[in-house]
Amino acid sequence: EAQVTQNPRYLITVTGKKLTVTCSQNMNHEYMSWYRQDPGLGLRQIYYSMNVEVTDKGDVPEGYKVSRKEKRNFPLILESPSPNQTSLYFCASSAGNRGVGSGANVLTFGAGSRLTVL
Amino acid sequence: AQTVTQSQPEMSVQEAETVTLSCTYDTSESDYYLFWYKQPPSRQMILVIRQEAYKQQNATENRFSVNFQKAAKSFSLKISDSQLGDAAMYFCAYRRDPRAGTASKLTFGTGTRLQVTL
């Protein structure tokens with residue numbers, strides 16, 4: 035089954051304790067991205083990657099790191115989490131530039147990771 | 002920068018009735034994609050419908066249809082014969098054409114919570 039898998043789904047941690055949220059997709063997608071969802075703000079992009087070893091900042095990158103060493107994986111790293119990073123996180127992927135009209139431009143989302151930083 | 006506005010934080014509809022959710026967006030691009038995503042209590046992001054900007058014909062998917070007004074930059078979602086399972090948060094989203102050169106993120110509105118009553 036084509037899917038994006040995130041882990042952990044739920045995590046409670048304390049300020050300053052480094053954590054990693056993993057994301058893996060089995061669709062050979064070039065494009066991967068992380069979003070955070072907060073009440074009243076919708077989903078905002080944190081980082082994205084166009085392909086292996088190519089990453090860039092989204093709208094709210096502060097306090098986060100990412101890496102893309104393999105095409106299928108795109109982990110989100112919080113080096114020193116703070117309470118304002120308490121949020122619902124989504125990983126998403128899609129195929130790369132396939133042109134107008136292609137369904138490849140649709141993002142497939144993971145199930146979400148609920149993170150609480152105390 | 003592209004923005005997406007959903008001016009209705011909450012809507013309510015009776016089962017079997019029709020409801021329309023509003024969405025407007027701002028962009029200077031001519032080629033782009035518009036989406037409606039549904040987020041039920043499970044928090045999963047589920048694609049409901051998508052529209053390519055170059056297509057004049059409005060997209061339809063079973064009971065879901067859109068009214069795409071490119072000049073007015075409006076993209077409303079109509080749900081016909083509403084069912085209890087339609088109760089969810091609905092997000093409107095915009096994505097520029099990836100062929101534009103830079104990575105194209107999905108820009109989301111803040112969402113509309115739809116209640117379905119008996």
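The listed protein sequences derive, respectively, from chains P and E. Counting with the working numbering, you get residues 35 to 152 for the letters of the first sequence. Counting with the working numbering, you get residues 2 to 119 for the letters of the second sequence. In this text, a Cβ means the ideal position worked out from N, Cα and C, and glycines have one as well.
Where does residue i sit, in a helix, a strand or coil, going by DSSP?
i         : result
Gly76(P)  : strand
Gln7(E)   : coil
Leu85(E)  : helix
Gln58(E)  : coil
Gln37(P)  : coil
Arg148(P) : strand
Asp98(E)  : coil
Asn63(E)  : coil
Cys93(E)  : strand
Arg114(E) : strand
Thr21(E)  : strand
Met12(E)  : strand
Gln45(E)  : coil
Asp32(E)  : coil
Leu78(E)  : strand
Lys1(E)   : No information on residue 1(E) is available, as it lies outside the stretch 2 to 119 that chain E covers here.
Lys71(E)  : coil
Arg51(E)  : strand
Excluding five sequence neighbours on each side, which residues of the same chain lie with their C-beta closer than 7 Å to the C-beta of residue i?
i         : result
Ala88(E)  : Leu115, Gln116 and Val117
Tyr55(E)  : Asp32
Ala17(E)  : Asp82 and Ser83
Glu53(E)  : Tyr34
Ser13(E)  : Gln116 and Thr118
Glu113(P) : Lys52 and Lys99
Using a Cβ-Cβ cut-off of 6 Å (strictly less than) and excluding sequence neighbours within five positions of residue i, which residues of its own chain qualify?
i         : result
Gln37(P)  : none
Arg97(E)  : Glu30, Tyr33 and Ser105
Thr4(E)   : Asp27
Ile111(P) : Thr54 and Lys99
Asn107(P) : Ser58
Do you know offhand how far residue i's Cα is from residue j's?
i         : j         : result
Lys74(E)  : Thr113(E) : 18 Å
Phe36(E)  : Met46(E)  : 12 Å
Thr89(P)  : Ser83(P)  : 4 Å
Ile80(P)  : Ser101(P) : 13 Å
Gln15(E)  : Leu119(E) : 6 Å
Val140(P) : Lys99(P)  : 24 Å
Leu107(E) : Tyr95(E)  : 6 Å
Glu62(E)  : Gly50(P)  : 46 Å
Val20(E)  : Thr142(P) : 26 Å
Pro109(P) : Arg51(E)  : 28 Å
Ala72(E)  : Thr25(E)  : 11 Å
Lys105(P) : Gln9(E)   : 39 Å
Gly92(P)  : Thr111(E) : 17 Å
Pro1(E)   : Leu85(E)  : Beyond the ends of chain E as shown, which are 2 and 119, falls residue 1(E); an answer cannot be given.
Glu11(E)  : Gln40(E)  : 14 Å
Asn154(P) : Val94(P)  : Any answer about residue 154(P) is impossible in this case: the structure gives chain P only from 35 up to 152.
Tyr146(E) : Val49(E)  : Because chain E is modelled from 2 through 119, residue 146(E) falls outside the range shown and cannot be assessed.
Can you list, in chain order, the residues of its chain whose CB lies under 8 Å from that of residue i, leaving out five sequence neighbours each side?
i         : result
Thr161(P) : There is simply no residue 161(P) to check, as chain P begins at 35 and stops at 152 in what is shown.
Arg43(P)  : Ala145, Gly146, Ser147 and Arg148
Leu77(P)  : Tyr69, Arg70, Gln71 and Phe124
Asn41(P)  : Val55, Thr56 and Ser147
Val86(P)  : Arg102, Lys103, Glu104 and Lys105
Asn59(E)  : Gln52, Ser66, Val67, Asn68 and Phe69
Report, in whole angstroms, the separation of the C-beta atoms of residue i and residue j, which I expect to be a contact under 8 Å.
i        : j         : result
Ser77(E) : Asn68(E)  : 5 Å
Tyr66(P) : Ser121(P) : Sequence check: residue 66(P) is Met here, not Tyr. About 18 Å separates the two Cβ atoms, so there is no contact after all.
Report task. At 3 residues or longer, and completely inside the region 47-76 of chain P: list those beta strand (DSSP E) runs for me, N to C. Result -> Restricting attention to beta strand (DSSP E) runs no shorter than 3 residues, the region 47-76 of chain P encloses them at 53-59 and 65-72, ordered along the chain.
Query - Any beta strand (DSSP E) of 3 or more consecutive residues that is wholly inside the region 79-139 of chain P - result: You should have 88-91, 110-112 and 121-128.
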